[in-house]
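Visitor:
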Amino acid sequence: MNRPQISRPEVTETESLSDGEVHEWPKPTLFARLRREPLLPEAGAGGAPLTAVIAVISFLAVLAMASVLVINQSASKWTSELRSEITVQIKGADAAEIAAGASAALRVLEGTDGVIEATLQDEAETAALLEPWLGRGNVQAFLNIPALIEVKVTPGLRRDLDLLRNRLAAASPGATLDDHAVWHNRLATAARSGQALAFAVFLLVMAAACAISIFAARAGLAANHDIVSVLHLVGATDDFIAAEVQRRFFVLGFRGAAAGLAAALIALALAAAAFRTGIGADAFLPQFSVGGWLILWLFAVPIVTCLVTALTARLTVLKTLRQQY
Amino acid sequence: MTANGLIIDFENAGLAYGDAPETLSDVTLQLREGEFRFLTGPSGAGKTSLLKMMYLAHRPTRGRFSLFGEDATNAPREALPALRRRIGVVFQEFRLLDHLTAFENVALPMKVAGINQNQYREDVSELLNWVGLGHRMGAKPPTLSGGEQQRVALARALVSKPDLILADEPTGNVDPAMSERIMKLFVELNKLGAAVIVATHNLRLVQTLGKPVLRISDGRVSRAPGAGGAS
Chain F
91 MNRPQISRPE
101 VTETESLSDG
111 EVHEWPKPTL
121 FARLRREPLL
131 PEAGAGGAPL
141 TAVIAVISFL
151 AVLAMASVLV
161 INQSASKWTS
171 ELRSEITVQI
181 KGADAAEIAA
191 GASAALRVLE
201 GTDGVIEATL
211 QDEAETAALL
221 EPWLGRGNVQ
231 AFLNIPALIE
241 VKVTPGLRRD
251 LDLLRNRLAA
261 ASPGATLDDH
271 AVWHNRLATA
281 ARSGQALAFA
291 VFLLVMAAAC
301 AISIFAARAG
311 LAANHDIVSV
321 LHLVGATDDF
331 IAAEVQRRFF
341 VLGFRGAAAG
351 LAAALIALAL
361 AAAAFRTGIG
371 ADAFLPQFSV
381 GGWLILWLFA
391 VPIVTCLVTA
401 LTARLTVLKT
411 LRQQY
Chain G
99 MTANGLIIDF
109 ENAGLAYGDA
119 PETLSDVTLQ
129 LREGEFRFLT
139 GPSGAGKTSL
149 LKMMYLAHRP
159 TRGRFSLFGE
169 DATNAPREAL
179 PALRRRIGVV
189 FQEFRLLDHL
199 TAFENVALPM
209 KVAGINQNQY
219 REDVSELLNW
229 VGLGHRMGAK
239 PPTLSGGEQQ
249 RVALARALVS
259 KPDLILADEP
269 TGNVDPAMSE
279 RIMKLFVELN
289 KLGAAVIVAT
299 HNLRLVQTLG
309 KPVLRISDGR
319 VSRAPGAGGA
329 S
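Chains F and G, in that order, are what the protein sequence lines are. One rule links them: number in the numbering used here = place in the first sequence (from 1) + 90. One rule links them: number in the numbering used here = place in the second sequence (from 1) + 98.
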């Protein structure tokens, strides 16, 4: 609608209702602009309780995302180690046959392109591998423990091990080659499952953030019904009111998300320290640290939480205003 | 401002709240640019309901209503804010926002119109000084007297220099001398170009100013003897 321009004298050219002196409203400082009173009061948008809930949601979201990243980090490390190594095992009827087979296998390996390093484990190392099952000092000489050769290979050789497998079998009938494929596949599957589960938890937490925002935005509108009505009557659009609510929720969400992030980082740092020095030091558990790219990804989580909270509130307000006002 | 000069044009309009009988029936009235009307009638007759239709808080449940030449009966929701910004309303119960200062309350119509504070700061200050509240700009409504709140509400209604001023009992909380000054103000604003409708019980002021009167009774609007514009 085009409004014709009219030239109307100032209202204050008419007789004043004042008998007193003239005052002036001070120019707003930058701080005053940032601290300006919101048109919808804080209490009506949930205030402190909403901040606390967002803090908890952000804490859980950061932990869920950290789980995704740590599992990914550990799985990559494990699988890359497994993929660059193979193991040759030589069995035999007695120690002499095993030693002869090991020597023959080492010769084959040394003459094969793509073998970076081949190391024959001594008997003590091999026996140590059996101690978890047999107990310390219980590995007897008559057991004829197979010899193990740890072999580091290039990716090219790793892709096709059939020729090496055949050459080893020809040189040493008791030799078998283990490419760790079973372990690799199991680890990859476990890692993918763990990541999917952690990501599902992250999505659920974000869904909870949406639900809380919807509830709080509706409650805020209901509590501020009179104010919303006045805003409409002085010419505010639905978008203007929604933007006010969105700004309010962003500020509340930011406060909560920052608190949640701080708490989650402390929890992760404690967990990482515990894994390095205590419960995880000797166990078959992933080592991780809170730093580098992990930190950057984790800082993105509260920002996403903030945006999800604010945008959900905005959309809720727009829908509610259309339905009820 | 409009092609036919009509600011308000009701034709057989009715207003009912929910399933209740009509609060207003068969309203047919017109207000042209630069016209001034008093709206009188007993309590509960429908004065506030009629004003609510005029400032688009409610739309007629039957009949036709045009505002500034636009069909307000069927106008899409998105078109209403632009129409409302051309209207200055002094509400009977003031409807100030308690958590904002007097300055911020008066500045509200400018703010929702997207105007920067640097552009309206002086205007709002001037207006608050003009209604005698320059020294209370930073005060919040709960700390103001009824009369002071009424003057803040008046300043808010006038700050955007509206084409139509609607006032619902604007002198209800002020002393007789201030009542007279406020009524004279409306007359002056009318002379400056704004169309004005003032709902009031104060028949003494109505008689003193001698402006046309619309009388409302049992939800029906009629033209008082000697007044024009309603049928």
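For glycine and all other residues, C-beta sits at the position ideal for the given N, C-alpha and C.
Could you please tell me which residues of the region 300–330 of chain F, in chain order, have their CB closer than 9 Å to any CB of chain G?
Guide: Taking a C-beta cut-off of 9 Å against chain G, the contacting residues of the region 300–330 of chain F are D316, I317, S319, V320, L321, H322, L323, V324, G325, A326, T327, D328, F330, listed in chain order.
Visitor: Going by DSSP, what residues sit across from G/I106 in a beta bridge?
Guide: Along the second sequence, read from residue 1 onward, the residue named residue 106 of chain G stands at position 8. Answer by DSSP bridge pairing, in chain order: G/L129, G/L165.
Visitor: Beta-carbon within less than 7 Å of G/L307's beta-carbon, same chain only, minus the 5 sequence neighbours each way: which residues are those?
Guide: To locate residue 307 of chain G, count along the second sequence from 1; it is residue 209. Result list for G/L307: M281, V285, in chain order.
Visitor: Fully enclosed by the region 276–334 of chain F, which alpha helix (DSSP H) runs are 4 residues long or longer?
Guide: Qualifying alpha helix (DSSP H) stretches, in chain order: 315–323.
Visitor: Between G/Y218, G/D261, G/L149, which lies nearest to G/K52 when the distance is taken from Cα to Cα?
Guide: Outside the shown range of chain G (99 to 329) lies residue 52 of chain G, about which nothing can therefore be said.
Visitor: So who's on the other strand from G/F134, going by DSSP bridges?
Guide: For the purposes of this step, residue 134 of chain G is taken as the residue at position 36 of the second sequence. Per DSSP, G/V294.
Visitor: Can you name, in chain order, every residue of its own chain whose Cβ lies under 8 Å from the Cβ of G/K145, other than the five neighbours on each side?
Guide: Sequence index remark: in the second sequence, residue 145 of chain G carries index 47 (1-based). Excluding positions up to five away in sequence, the list reads L137, T138, G139, D266, A297, I314.
Visitor: Within 10 angstroms of its Cβ, does F/R98 collect 16 or more other Cβ (buried), or is it exposed?
Guide: Counted from its first residue, the first sequence places residue 98 of chain F at position 8. Only weak support is given to the placement of F/R98: the predicted model assigns it a pLDDT of 46, under 50, and the question is left unresolved by the model.
Visitor: Please return the same chain residues whose Cβ sits closer than 8 Å to the Cβ of F/R255, not counting the five positions on each side in sequence.
Guide: For this step, residue 255 of chain F is matched to residue 165 along the first sequence. L267.
Visitor: Hey, out of F/A306, F/F289, F/L251, F/Q285, whose CA is closest to F/A138's CA?
Guide: For the purposes of this step, residue 138 of chain F is taken as the residue at position 48 of the first sequence. Measuring from the Cα of F/A138, the nearest candidate turns out to be F/A306.
Visitor: Would G/M152 be called buried (16 or more neighbouring beta carbons within 10 Å of its own) or exposed?
Guide: For the purposes of this step, residue 152 of chain G is taken as the residue at position 54 of the second sequence. With 16 or more other Cβ atoms within 10 Å, it is buried.
Visitor: So if DSSP puts F/I235 in a beta bridge, which residue, or which two residues, is it bridged to?
Guide: For the purposes of this step, residue 235 of chain F is taken as residue 145 along the first sequence, with counting starting at 1. F/I235 is not bridged to any residue.
Visitor: From this set, F/A301, F/P392, F/A362, F/I176, which residue's C-alpha is nearest F/R404's C-alpha?
Guide: Start at 1 with the first residue of the first sequence, and residue 404 of chain F comes out as number 314. The shortest C-alpha separation from F/R404 is found at F/A301.
Visitor: Quick one: measure Cβ to Cβ for G/Q247 and G/L194, integer angstroms, because I've assumed they're closer than 8 Å.
Guide: Along the second sequence, read from residue 1 onward, the residue named residue 247 of chain G stands at position 149. Along the second sequence, read from residue 1 onward, the residue named residue 194 of chain G stands at position 96. That pair is a contact at about 6 Å.
Visitor: Could you name the residues of chain G that F/P139 contacts, counting a contact when the two beta carbons are closer than 8 Å?
Guide: The count along the first sequence starts at 1 and reaches residue 139 of chain F at position 49. Ordered by position in chain G, no residue passes the 8 Å Cβ test against F/P139, which lies about 19 Å from the chain.
Visitor: Throw me the rounded Cβ distance for the F/L251 and F/I176 pair, which I believe falls under 8 Å.
Guide: What you label residue 251 of chain F is simply residue 161 of the first sequence in a count that begins at 1. What you label residue 176 of chain F is simply residue 86 of the first sequence in a count that begins at 1. Going by Cβ atoms, the distance from F/L251 to F/I176 rounds to 7 Å, so yes, they are a contact pair.
Visitor: Report yes if the CB atom of G/L181 is closer than 9 Å to the CB atom of G/L165, and no otherwise.
Guide: Working through the second sequence from its first residue, we reach residue 181 of chain G at position 83. Working through the second sequence from its first residue, we reach residue 165 of chain G at position 67. Yes, the pair counts as a contact, with Cβ atoms nearer than the cut-off.
Visitor: Comparing the C-beta of G/V210 with each C-beta of chain F, is any distance below 9 Å?
Guide: Counting from 1 along the second sequence, the entry for residue 210 of chain G is found at position 112. Cβ-Cβ to chain F under 9 Å: yes for G/V210.
Visitor: Would you say F/L408 lies against chain G (beta-carbon separation less than 9 Å)?
Guide: If you number the first sequence from 1, residue 408 of chain F lands on position 318. F/L408 does not count as touching chain G.
Visitor: Compile a chain-ordered list of the residues in the region 289–302 of chain G whose CB is closer than 7 Å to at least one CB of chain F.
Guide: L290, G291
Visitor: Have a look at the DSSP bridge pairing and note the partners of F/A154.
Guide: On the first sequence, residue 154 of chain F is found 64 positions in, with the first residue counted as 1. DSSP lists no partner for F/A154.
Visitor: How long is the line joining the alpha carbons of F/E215 and F/G204, rounded to whole angstroms?
Guide: As a first step, residue 215 of chain F is located in the first sequence; it is residue number 125 there, counting from the start. As a first step, residue 204 of chain F is located in the first sequence; it is residue number 114 there, counting from the start. Rounded to the nearest angstrom, the two C-alpha atoms are 25 Å apart.
Visitor: Out of F/Q413, F/A151, F/M296, which one is the CA nearest neighbour of F/A312?
Guide: Here residue 312 of chain F refers to the residue found at position 222 when the first sequence is read from its first residue. Nearest of F/Q413, F/A151, F/M296 to F/A312, Cα basis: F/Q413.
Visitor: What does the Cβ neighbour count give for G/R254, buried or exposed, with the cut at 16 atoms within 10 Å?
Guide: The residue you call residue 254 of chain G lines up with position 156 of the second sequence. Answer is buried; the Cβ neighbour count reaches 16.
Visitor: Return the residue from the list F/E187, F/A165, F/R257 that minimises the CA-CA distance to F/T202.
Guide: Taking the first sequence and counting its residues from 1, one reaches residue 202 of chain F at position 112. Of the candidates F/E187, F/A165, F/R257, the one whose C-alpha sits nearest the C-alpha of F/T202 is F/R257.
Visitor: Taking 8 Å as the cut-off, does the region 275–290 of chain F touch the region 160–177 of chain G (at least 3 CB pairs, one atom from each stretch)?
Guide: no
Visitor: Say whether chain G places a C-beta atom closer than 9 Å to the C-beta of F/R412.
Guide: Numbered from its first residue, the first sequence carries residue 412 of chain F at position 322. By this cut-off, F/R412 is an interface position.
Visitor: According to DSSP, is G/I280 helix, strand or coil?
Guide: One-based indexing of the second sequence puts residue 280 of chain G at position 182. Under the three-state reduction of DSSP output, G/I280 falls in the helix class.
Visitor: When we look at the beta-carbon of F/G325 and count the other beta-carbons within 10 Å, is it buried (16 or more) or exposed?
Guide: As a position in the first sequence, residue 325 of chain F is number 235, starting the count at 1. Flag for F/G325 reads buried.
Visitor: Going by DSSP, what residue range makes up the alpha helix (DSSP H) through F/T209?
Guide: Reading the first sequence from its first residue, position 119 is the one you call residue 209 of chain F. Element bounds for F/T209: not the alpha helix (DSSP H) but the beta strand (DSSP E), 205–210.
Visitor: Thinking C-beta only, is F/G264 closer than 9 Å to F/G182?
Guide: The residue you call residue 182 of chain F lines up with position 92 of the first sequence. The residue you call residue 264 of chain F lines up with position 174 of the first sequence. Taking 9 Å as the Cβ cut-off, F/G182 and F/G264 qualify as a contacting pair.
Visitor: Measure how close the beta-carbons of F/H113 and G/H156 come, nearest whole angstrom, since I'm counting them as under 8 Å.
Guide: Within the first sequence, numbered from 1, the residue matching residue 113 of chain F stands at position 23. Within the second sequence, numbered from 1, the residue matching residue 156 of chain G stands at position 58. Actually they do not touch by this definition, with Cβ atoms about 38 Å apart.
Visitor: Evaluate F/I356 with the Cβ neighbour count: other Cβ atoms within 10 Å of its Cβ, from every protein chain shown; 16 or more gives buried, anything less gives exposed.
Guide: If you number the first sequence from 1, residue 356 of chain F lands on position 266. Exposed is the call here.
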